[in-house]
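Read the structure below first, then the notes.
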Amino acid sequence: MFESLSDKLQDIIAKASGQSELTQDNMQDALREIRRALLEADVNLRVVKSFISNIKDRAEGEDVVHGVNPSQQLVKIVHDELVSILGKDASPLDYSGSPNLIMMLGLQGSGKTTSSAKLAVKLKKEGRNPLLVACDIYRPAAITQLKTLGEQTGVTVFSEEGNDVQGIVQNAISYAKENGFNTLILDTAGRLQIDTEMMAELMLIDRVFHPAEKLLVIDSMTGQEAVNVAETFDAQLGITGLVLTKLDGDSRGGAALSIVYCTGKPIKLTGTGEKIEALEDFYPSRMADRILGMGDIVSLVEKAKEVFDEKTALEMEKKMAKAEFSYNDFLKMKSQMKMFGSMDQLLGMLPGLKMSKDDRQMISHEGEKQFKRIEVFIQSMTPEERENPELMSSSRKKRISQGSGIPLHDINIYINQFEQMRKMMKGMSGLKGMMSKMSGKMGNEAAGKLSMHQMMKNMRRFR
Ligand SMILES: Nc1nc2c(ncn2[C@@H]2O[C@H](COP(=O)(O)OP(=O)(O)OP(=O)(O)O)[C@@H](O)[C@H]2O)c(=O)[nH]1
Ligand SMILES: [Mg+2]
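Written out as structure tokens, the structure reads:
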């Protein structure tokens, strides 16, 4: 899905990682390339223009965030803009009406019948009781197609030979009321938006039955031509939302990225394959994540912004540079790290890190256990010892071990690690450097290459 656009955007962002700051000058190239990538993806020109001008404004106005390198800031800005043109928030289906009516409409072959069946299965899973209504009385095999899908999925199909569409819907509603179906999915015939007779049929159904949803089913492979189709259908019928099908075969993304901005109508569902389960709710931010192939780096950047306020970062940086970093500072830093969320969540946000949920939980469980133990160890020190790590002597260690219940052997390991960490920090240019090193690692070159083994090793170093 959107592979070619994805690859291009990711390349552009990776290039920005060599720069030290986001400025108007060094963003010119990136913007030009983003523009080209979007146009090649067949994104509507109006969308491209707005997209580029918003990114430009934000890149110029953006404060430099500590610990976040330019490529990551660019990721965030591009991500936000993608979310914005994809519709910002998810738009759930409207289940009002009793029974609730969902009318599927669109061009021939766009995926109405398939999506109707997929939707029925989805609704069933969600505890609704859907009825598929065969409203395509023009194509000979249409009713059979829907019936077959109904049989495969265990969803009841309502059909009538020889009746007109208004009559069929009327009878289907009565049937639903009698038999406890609460959502009717109307699978209408494919039609061209310029076929006035066929459009009149939909308008009539709309006027008589007031469906809660009039979903325009659009084949995403048609690129920005989808925009024209949607605009005309909407002008005549006032559609309530879009179902974008065949996203699995769409490597460009032109339809998805143009249609919401141009029509003002939300994408409510996406078809991502021929299988009956391949229908997904549409979340603009998740789609943007996918396009940028960035895991959830965006949340990470947002959190870094919240957690590491500039003053604390500077204070820590100074202390580190002078190797004055104390056990108290360690606790302070740790409590700030905690604000990132659990370690499990944190690992989940690392892009390109292919780790199962179980592995993640195992590692984070171990890590958090160790962190807690280190906290107990530090809390068993006197205030003086916490401020001055060099005071540590064997008699003090023994006392701490007795007080904390942690074996002396482990205390020695912790102290050793702390000293190593102090040295390492002094070597770096402070917290800012450390953060950008960390995030640099997460962000590009090492992402995807960071193995489980390396992760474990890194974690052990910080314990
Ligand atoms: N790969 C893929 N194929 C799809 C998707 N949705 C539908 N199709 C395929 O597209 C073709 C047309 O789908 P239909 O559901 O029959 O389309 P329709 O809009 O009902 O067509 P008409 O009733 O003739 O107007 C079928 O071969 C489907 O399997 C999808 O999300 N991904
Ligand atoms: Mg059909």
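Going by the numbering used here, 235 is the number at position 232 of the sequence shown; the sequence numbering is gapless. Built from N, CA and C at the ideal position, the CB exists for glycine as well. Being a predicted model, the structure only gives us computed values, none of them experimental.
| query | result |
| --- | --- |
| Between the beta-carbon of Gln13 and the beta-carbon of Leu295, is there less than 8 angstroms? | yes |
| Whole angstroms are fine: how far does the CA of Ser7 sit from the CA of Phe184? | 43 angstroms |
| So, do the segment 174-188 and the segment 158-165 have three or more beta carbon pairs nearer to each other than 8 angstroms? | yes |
| In the DSSP assignment, the beta strand (DSSP E) including Val158 goes from what residue to what residue? | Run containing Val158: none; DSSP gives neither H nor E here. |
| Roughly how many whole angstroms lie between the Cα atoms of Ser53 and Asp209? | 34 angstroms |
| Determine the direct distance from the alpha carbon of Ser367 to that of Leu77, and round the result to whole angstroms. | 29 angstroms |
| Out of Asp83, Pro287, Lys11, Asn47, which one is the CA nearest neighbour of Arg61? | Asp83 |
| Assuming Lys271 and Ala233 make a contact with CB atoms under 8 angstroms, what is their CB distance in whole Å? | So it is not a contact: roughly 13 angstroms between Cβ atoms. |
| Return the Cβ separation of Leu108 and Thr225 in integer angstroms, given the expectation that the two are a contact with Cβ distance under 8 angstroms. | Incorrect: roughly 15 angstroms between the Cβ atoms, too far for contact. |
| For the beta strand (DSSP E) that Pro133 lies in, which residues bound it at each end? | 133-138 |
| On a CA-only basis, which of Asn29, Asn231, Pro102 is nearest Ser177? Give me that one, please. | Pro102 |
| List the endpoints of the continuous alpha helix (DSSP H) containing Asp292. | 287-295 |
| What does the alpha-carbon distance come out to for the pair Asp222 and Arg255? | 13 angstroms |
| For the segment 238-255 and the segment 138-149, state whether three or more C-beta atom pairs, one from each stretch, are separated by less than 8 angstroms. | no |
| Taking 8 angstroms as the cut-off, decide whether the C-beta atoms of Ile262 and Val230 are in contact. | yes |
| What beta strand (DSSP E) runs, 3 residues minimum, are completely inside the segment 218-255? | 244-248 |
| Among Glu318, Tyr330, Gly153, Pro73, which one has its Cα closest to the Cα of Asn29? | Pro73 |
| Within the same chain, show all residues whose beta-carbon is closer than 6 angstroms to that of Ala145, passing over the 5 residues directly before and after it, in chain order. | Asp139 |
| What are the residues that DSSP puts in a beta bridge with Glu216? | Ile105 |
| For Leu282, is the classification buried or exposed, using 16 other Cβ atoms within 10 angstroms of its Cβ as the cut-off for buried? | buried |
| Quick one: residues in its chain with C-beta nearer than 6 angstroms to the C-beta of Lys444, no 5 flanking neighbours on either side, listed in chain order? | For Lys444, the predicted model reports a pLDDT of 37, less than 50, meaning its position is unreliable; a value from the coordinates is still stated below. Cβ within range, chain order: n/a, list empty. |
| Alpha carbon to alpha carbon, what distance is there between Val86 and Ala291? | 6 angstroms |
| In the DSSP assignment, what are the bridge partners of Glu283? | Thr273 |
| Once DSSP output is grouped into helix, strand and coil, what is the label at Ile188? | strand |
| In terms of residues, what are the limits of the alpha helix (DSSP H) holding Val168? | 168-182 |
| I'd like the list of long-range same chain contacts for Asp237, defined as Cβ closer than 7 angstroms, with 5 residues on each side in sequence excluded. | Thr266, Lys268 |
| By Cβ distance, which residues of its chain are closer than 7 angstroms to Gln156, with the 5 residues on each side in sequence left out? | For the sequence presented, residue 156 should be read as Thr rather than Gln. Around Thr156: Ala120, Ala123, Val124, Ile279. |
| Cβ-heavy atom distance between Ser293 and ligand 1 below 7 angstroms? | According to the sequence provided, residue 293 is Arg. The question's Ser does not apply to it. Answer for Arg293: no, Cβ out of range of ligand 1. |
| Does the distance from the C-beta atom of Arg376 to that of Ile403 stay below 8 angstroms? | no |
| Who are the near neighbours of Met441 in its chain, counting only those whose CB is closer than 6 angstroms to its CB and skipping five residues on each side? | Caution is warranted here: a pLDDT of 44 is assigned to Met441, below 50, making its placement in the model unreliable, and the coordinate value is therefore given only provisionally. There are no such residues. |
| By DSSP, does Ser367 sit in helix, in strand, or in coil? | helix |
| Thinking just about the alpha-carbon of each residue, which of Leu135, Pro392, Val379 is nearest to the one in Ala179? | Leu135 |
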